[in-house]
Every structure is written in C-alpha cells, then in structure tokens.
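Engineer: First the structure, which I've put down as structure tokens, then a few questions once you've had a look.
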Amino acid sequence: SADLRVENSSVNREFQLAVAVDHSWSMGRNRKLQSAKDAAAGLVFAARKNGDKIALIGFSDTASIHSPLSKKYSALIDKVNRFRPDYETNIADALVKASAVFKGSKSDGVKHLIIISDGIPTTQTGFDDSASLARAISREIGKMRKMSVTISVICIRDELEENDSTQARKIASLGRGAFKLVNSAELLKKTVEDYSGVRQ
Numbered sequence: 003s004a005d006l007r008v009e010n011s012s013v014n015r016e017f018q019l020a021v022a023v024d025h026s027w028s029m030g031r032n033r034k035l036q037s038a039k040d041a042a043a044g045l046v047f048a049a050r051k052n053g054d055k056i057a058l059i060g061f062s063d064t065a066s067i068h069s070p071l072s073k074k075y076s077a078l079i080d081k082v083n084r085f086r087p088d089y090e091t092n093i094a095d096a097l098v099k100a101s102a103v104f105k106g107s108k109s110d111g112v113k114h115l116i117i118i119s120d121g122i123p124t125t126q127t128g129f130d131d132s133a134s135l136a137r138a139i140s141r142e143i144g145k146m147r148k149m150s151v152t153i154s155v156i157c158i159r160d161e162l163e164e165n166d167s168t169q170a171r172k173i174a175s176l177g178r179g180a181f182k183l184v185n186s187a188e189l190l191k192k193t194v195e196d197y198s199g200v201r202q
C-alpha cells in the first residue's frame with residue numbers, strides 16, 4: 003500500500019553528518035579546543051550508535067577535509083585528537099569543504115553540518131573586504147541548501163574576548179539550522195543534542 007511505501011522510505015533514509023571544528027589560535031585559550039574535540043568525539047560516538055556516516059573538517063586559516071563521509075569511527079576519533087591550535091579562522095573555507103563533502107554524496111537522505119567555533123571574527127584572507135567574504139559565505143550556503151543540507155553553529159563563549167556571533171548567527175539562519183552560544187562545559191551536551199534533534 004502507499005502507506006507502507008512511505009513508512010519504508012523514512013526507515014531507509016540515510017542520515018549524513020559533517021562536523022567542522024575551528025582549531026584557530028583563539029581556540030587554544032581556556033581549553034576551548036579540547037572542549038571542541040570532546041564535542042566532535044561525542045558526535046562520532048553518537049553517529050556510531052545510530053550507524054550514521056560522519057565527515058570531519060578542520061579549519062583555521064584554511065579548511066581541510068580530514069575524513070569524507072565514513073563509518074570508520076575509530077579513525078575519525080584519531081583525527082579529532084590530532085587537532086592543534088594554529089593561525090586564524092576561515093569559516094568561509096570550512097563551508098566550501100563541507101559543500102564538497104555533501105556534493106560527493108549520492109544519497110538523498112538527511113544531511114546536516116555542525117560548525118563548532120568560538121565565533122571570534124574570521125580572517126578575510128583571499129577576499130577583498132568583508133562584503134566579498136559575506137557573499138562567498140552566502141554562495142556556499144546556497145549550494146548546500148540546494149542539496150538540502152541544514153547548518154547549525156555551536157559557538158563557545160570566550161570570557162576574554164567578546165564573542166562576535168553576528169556571522170555565526172547568519173550562517174545558522176541561512177542554513178536553516180540552530181545557533182547556540184554555550185560555555186565550554188556544556189558544549190558536548192549541546193552539540194550532541196543538536197544532532198539528535200535534527201535526526202528525529
């Protein structure tokens with residue numbers, strides 16, 4: 003029957019998760035990077051429990067895909083643990099790499115990106131000004147929207163520097179996901195909650 007077909011299609015929908023971890027210099031303060039690594043590892047364990055594919059992206063002045071969408075959970079944990087603080091924050095390139103991760107996927111299942119950052123202003127390296135940077139960010143989010151990717155940004159509070167969360171909030175809004183500004187201590191819980199909420 004039609005009802006049965008609908009039910010089966012929902013059961014078979016593959017959930018694909020990408021996590022992008024900011025490992026810029028500012029993340030080295032107050033154990034923010036360690037908290038981000040713990041949160042990323044928490045996502046890997048949660049994905050393993052559900053049998054979901056997960057991709058790992060790290061970004062500072064440039065972004066790198068450390069793992070495409072995969073179920074090699076132990077290897078993903080090893081890669082998370084290798085992140086070290088360096089350079090500035092290029093969130094635009096993180097979006098470029100995330101877009102590439104999902105573009106390579108043939109699945110029409112649920113796709114979600116979680117960005118973990120402290121929201122301290124991004125570098126404009128490679129861009130003439132903040133306006134061209136904003137356009138690049140919007141362009142990459144537009145590409146992901148066409149692929150039905152949603153984007154959440156989990157921002158870690160910084161006690162020394164005022165968090166500039168304007169850009170992070172805009173990314174989450176354009177990406178039809180959630181924005182959360184959290185303390186390091188609650189980062190793991192809030193990050194896994196975001197994944198679980200989208201997955202339902």
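The working numbering puts the first residue of the sequence shown at 3, with every later residue one more than the last. The beta carbon of each residue, even a glycine, is placed where N, CA and C say it ideally should be. Fair warning: this is a prediction, and the values are worked out from it, not measured in the lab.
Give me the Cα-Cα distance between Ile56 and Ala102, rounded to the nearest whole angstrom.
Structural biologist: 14 Å
Engineer: Val24 bridges to which residues according to DSSP?
Structural biologist: Reading off the sequence, residue 24 comes out as Asp, not Val. Bridge partners of Asp24: Phe61.
Engineer: Taking one C-beta from the segment 77 to 95 and one from the segment 109 to 116 each time, how about it: are there three or more such pairs within less than 8 Å?
Structural biologist: no
Engineer: Starting from Phe104 and walking both ways along the beta strand (DSSP E), at which residues does that stretch end?
Structural biologist: It is not in any beta strand (DSSP E) - Phe104 instead sits in the alpha helix (DSSP H) that spans 93 to 105.
Engineer: Helix, strand or coil for Ser73, going by three-state DSSP, please let me know.
Structural biologist: Reading the sequence as shown, one finds Lys at residue 73 and not Ser. Correct three-state label for Lys73: coil.
Engineer: How would you label Ala4, buried or exposed, when you count the other beta carbons within 10 angstroms and need 16 or more for buried?
Structural biologist: For Ala4, the predicted model reports a pLDDT of 47, less than 50, meaning its position is unreliable; a value from the coordinates is still stated below. So Ala4 ends up on the exposed side.
Engineer: Tell me which residues share the same chain as Lys191 and place their Cβ nearer than 8 Å to its Cβ, disregarding the 5 neighbours each side in the sequence.
Structural biologist: none
Engineer: Looking only at C-alpha atoms, which of Ala174, Lys51, Arg137, Arg141 sits nearest to Gly121?
Structural biologist: Ala174
Engineer: Which residues in the same chain as Ala42 place their Cβ atom closer than 6 Å to its Cβ, once the five residues preceding and following it in sequence are excluded?
Structural biologist: Val21, Val23, Val82
Engineer: Using the C-alpha atoms, what's the distance from Lys105 back to Glu188?
Structural biologist: 32 Å
Engineer: Does the Cβ-Cβ distance between Cys240 and Ala170 come in under 8 Å?
Structural biologist: The structure shown does not extend to residue 240, since the chain is modelled only from 3 to 202, so the question has no answer here.
Engineer: Taking Ser62 and His25 to be in contact with their CB atoms under 8 Å, please state how far apart those CB atoms are, rounded to whole angstroms.
Structural biologist: Contact between Ser62 and His25 is confirmed by a C-beta separation of about 5 Å, below the 8 Å threshold.
Engineer: Count the other CB atoms, across all protein chains shown, that sit within 10 Å of the CB of Met149; report buried if there are 16 or more and exposed otherwise.
Structural biologist: Per the 10 Å Cβ criterion, exposed.
Engineer: Does the Cβ of Lys99 have 16 or more other Cβ atoms within 10 Å, making it buried, or fewer, making it exposed?
Structural biologist: buried
Engineer: Where Arg84 and Gly44 are concerned, what is the direct C-alpha to C-alpha distance, given to the nearest angstrom?
Structural biologist: 15 Å
Engineer: Taking the alpha-carbon positions, what's the Val194 to Ala133 distance?
Structural biologist: 33 Å
Engineer: Hey, Ala65 and Asn92: beta-carbon distance below 8 Å or not?
Structural biologist: yes
Engineer: Using alpha carbons as the reference points, say which of Trp27, Leu58, Ile118, Lys51 lies closest to Asp88.
Structural biologist: The option with the nearest alpha carbon to Asp88 is Trp27.
Engineer: Using the rule of at least 16 other Cβ atoms within 10 Å of the residue's Cβ for burial, across every protein chain shown, is Ser76 buried or exposed?
Structural biologist: exposed
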